[in-house]
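Heads up, the final residue of the sequence shown is numbered 413 in the numbering used here, and it's a clean run with no missing numbers.
Where is the CB? At the ideal position from N, CA and C, for every residue including glycine.
This report refers to the structure that appears directly beneath it.
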Amino acid sequence: MRKVVFFIMLAALAMPSYTDELQDRIDRAFSAGNTDEIKAVIAEKSTQEGFEKVESYIIENVKKSIIAGNYSFAGNVLDQVLLNNLDNVEAQDLYISLEKVEKEKRLIEEKKLAEEARKLEEERLAEEKRLAEEERKREEERIKQEQEQERLAEEQRLLEEQRIKEENERLKEITKALEEEKNTAAEKAVSEYIRTENDKGYFTFKGELGAIDLILYRSGFFSDVYDKNKTSYRYGLSLGGSVFYYKAGYSGGLDLSIESYFLEIYPESASVFSWKIAANSEFLATDLPVYARLGLTQTKYNYPSDVGEDMYITSLISPVLGIGLRDYQLTDRFYLNGIFDFYLVSFMTSYFDGAFDSQLGLKYDLPDYKKYDFYVKSNLTGTFVLGDNNIENNLKLQIIAGAGINYGKK
Numbered sequence: 004m005r006k007v008v009f010f011i012m013l014a015a016l017a018m019p020s021y022t023d024e025l026q027d028r029i030d031r032a033f034s035a036g037n038t039d040e041i042k043a044v045i046a047e048k049s050t051q052e053g054f055e056k057v058e059s060y061i062i063e064n065v066k067k068s069i070i071a072g073n074y075s076f077a078g079n080v081l082d083q084v085l086l087n088n089l090d091n092v093e094a095q096d097l098y099i100s101l102e103k104v105e106k107e108k109r110l111i112e113e114k115k116l117a118e119e120a121r122k123l124e125e126e127r128l129a130e131e132k133r134l135a136e137e138e139r140k141r142e143e144e145r146i147k148q149e150q151e152q153e154r155l156a157e158e159q160r161l162l163e164e165q166r167i168k169e170e171n172e173r174l175k176e177i178t179k180a181l182e183e184e185k186n187t188a189a190e191k192a193v194s195e196y197i198r199t200e201n202d203k204g205y206f207t208f209k210g211e212l213g214a215i216d217l218i219l220y221r222s223g224f225f226s227d228v229y230d231k232n233k234t235s236y237r238y239g240l241s242l243g244g245s246v247f248y249y250k251a252g253y254s255g256g257l258d259l260s261i262e263s264y265f266l267e268i269y270p271e272s273a274s275v276f277s278w279k280i281a282a283n284s285e286f287l288a289t290d291l292p293v294y295a296r297l298g299l300t301q302t303k304y305n306y307p308s309d310v311g312e313d314m315y316i317t318s319l320i321s322p323v324l325g326i327g328l329r330d331y332q333l334t335d336r337f338y339l340n341g342i343f344d345f346y347l348v349s350f351m352t353s354y355f356d357g358a359f360d361s362q363l364g365l366k367y368d369l370p371d372y373k374k375y376d377f378y379v380k381s382n383l384t385g386t387f388v389l390g391d392n393n394i395e396n397n398l399k400l401q402i403i404a405g406a407g408i409n410y411g412k413k
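Structure follows, in structure tokens:
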């Protein structure tokens, strides 16, 4: 009898230690999300006495997992409990509730995805509408520019007709005077006038060196993409030259310029190289030295390998059509020069709306040396590219020394 009591006492003492060890094992499995370990516990203990407490402890931990939002793991554990004991009502209720929660979660997620898809579709349609509106505006602007060019061409044609008409009238008057006043002083005056009007004319050759050339350039496209402004400065040199023919009532010629901005001032930036060649022809029947211009130009930005590109268009080559004011005399020594050239490539591309450059210069003539001219001048030049409500530009300040020779001038 004493031996039986002794063994019962030993079993009672051993039971708490065994229960604590099993609970720790279950707790570790829940902490690690280890369904296989829970499955192993059920398989080992389901046939032993007191398994109901083990099962209850597992279900309590399942409730904690559900509260913590670990629905998937909780569902897997409930699968194992119900596979072992399908009659566990509490496990059944938890499983049904968990399925309901997961179903509601899926419905919420599907609704959210549908709403996001709807918003994306609205944004796509809005973007398509915006692009279509921009294309419409560009087309309207192109038509407007074509109409303006046609108007200018018509004005030029009318001016040319008027000039020819006036010259014919003047020629008739001269012929009449010659017929009426032969062998008189008036006849000699008319003859001298005709000889002057038909003078052979002369050529002017000029060369220029820009020893002080500064460029400042920036891009609104860069600012828009990277949400920051960057303005770059460089120093360089320029060369220029021209040949012009002058005759009473007409002048025209060719000019060429080459510019290279290679010395970085601030900050890290590209070197800039540009050139332009243009034919000039005087075309307005006025006292102003105004010229029509037609030529070709290119501006190129060369970036070092460790410097990111700032400008939206790194190489722009285009025919140009423009107008120029050449050597308009302000005083005995000072002359005004101006150029506006439109880049015809603007009509041939879709990734920007338009490009042009303009120049304003002041020239000072040094004292004359017979057939030779020496002068200095300063130019302020700007090149602009427009598109997508942004502007890309470079501005140049030049101090230039020049020399010329007049061939055939009397």
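Runs of the alpha helix (DSSP H) spanning 4 or more residues and lying entirely within the region 50-136 occur at 54-70, 74-87, in chain order. Between the region 29-47 and the region 68-86 there are three or more C-beta pairs closer than 8 Å, enough to call the two in contact. Non-local C-beta neighbours of Tyr-269 in its own chain, meaning closer than 7 Å and more than five positions away in sequence, comprise Tyr-236, ordered along the chain. Secondary structure of Tyr-269 (DSSP, three-state): strand. For the pair Leu-242 and Gly-204, the CB atoms are not nearer than the 9 Å cut-off. For Ser-353, the secondary structure class from DSSP, reduced to helix, strand or coil, is coil. By the Cβ neighbour-count rule, Val-275 is buried, with 16 or more other Cβ atoms within 10 Å of its own. Between Val-388 and Ile-316, the C-beta gap is smaller than 9 Å, which places the two residues in contact. With respect to Trp-278, Glu-262 sits close: the two C-beta atoms are nearer than 9 Å.
If you look at Phe-343, you'll find it in the beta strand (DSSP E) that goes 337-346. The C-alpha of Ile-99 is placed about 16 Å away from the C-alpha of Asn-88.
Boundaries of the beta strand (DSSP E) harbouring Ile-280: 274-285, taken from the DSSP string. DSSP places Thr-334 in the coil class of the three-state scheme, outside both helix and strand.
Non-local beta-carbon contacts of Ile-402 in its own chain, meaning distances under 6 Å to residues more than five positions away in sequence, involve Ile-215, Ser-381 in chain order. Non-local beta-carbon contacts of Lys-374 in its own chain, meaning distances under 7 Å to residues more than five positions away in sequence, involve Ile-408, Asn-409, Lys-412 in chain order. Asp-330 is a Cβ neighbour of Asn-340, given a cutoff of 9 Å. In the three-state reduction of the DSSP assignment, Ala-251 falls in the coil class, being assigned neither a helical nor a strand state. Annotation for Val-44: Leu-25, Arg-28, Ile-29, Ala-32, Val-57, Ile-61 place their beta carbon closer than 8 Å to its own, counting only its chain and skipping 5 residues before and after. In the displayed model, Leu-369 falls within coil according to three-state DSSP, outside both helix and strand. Here DSSP, grouped into helix, strand and coil, assigns Thr-289 to coil. Per DSSP, the unbroken alpha helix (DSSP H) holding Thr-22 starts and ends at 5-35.
Secondary-structure assignment with DSSP links Asp-360 through a beta bridge to Asp-344, Thr-386. Here Gly-311 is exposed. Its C-beta has fewer than 16 other C-beta atoms within 10 Å. Assigned with DSSP and collapsed to three states, Gly-325 falls in strand. Exclusion of the five residues before and after Gly-223 leaves Asn-393, Ile-394, Glu-395 as the residues of its chain whose Cβ lies within less than 7 Å of its Cβ.
The Cβ atoms of Val-323 and Leu-297 sit closer than 9 Å to each other. Between the alpha carbons of Gly-364 and Ala-180 lies a distance of about 45 Å. Closest in C-alpha terms to Thr-300, from the list Arg-139, Ile-326, Phe-359, comes Phe-359. Boundaries of the beta strand (DSSP E) harbouring Lys-209: 205-222, taken from the DSSP string.
In this structure, the straight-line span from the alpha carbon of Ala-135 to that of Leu-259 is close to 41 Å. With respect to Tyr-367, Phe-337 sits close: the two C-beta atoms are nearer than 9 Å.
For Ile-146 and Glu-138, the gap between their C-alpha atoms comes out near 12 Å. Phe-225 is not bridged by DSSP to any residue. Membership of Ile-403 in the beta strand (DSSP E) is indicated by the continuous run 393-410. Relative to the Cα of Ala-406, the nearest Cα in the group Tyr-378, Leu-383, Asn-397 belongs to Tyr-378. In the structure shown, the three-state DSSP call for Asp-39 is helix.
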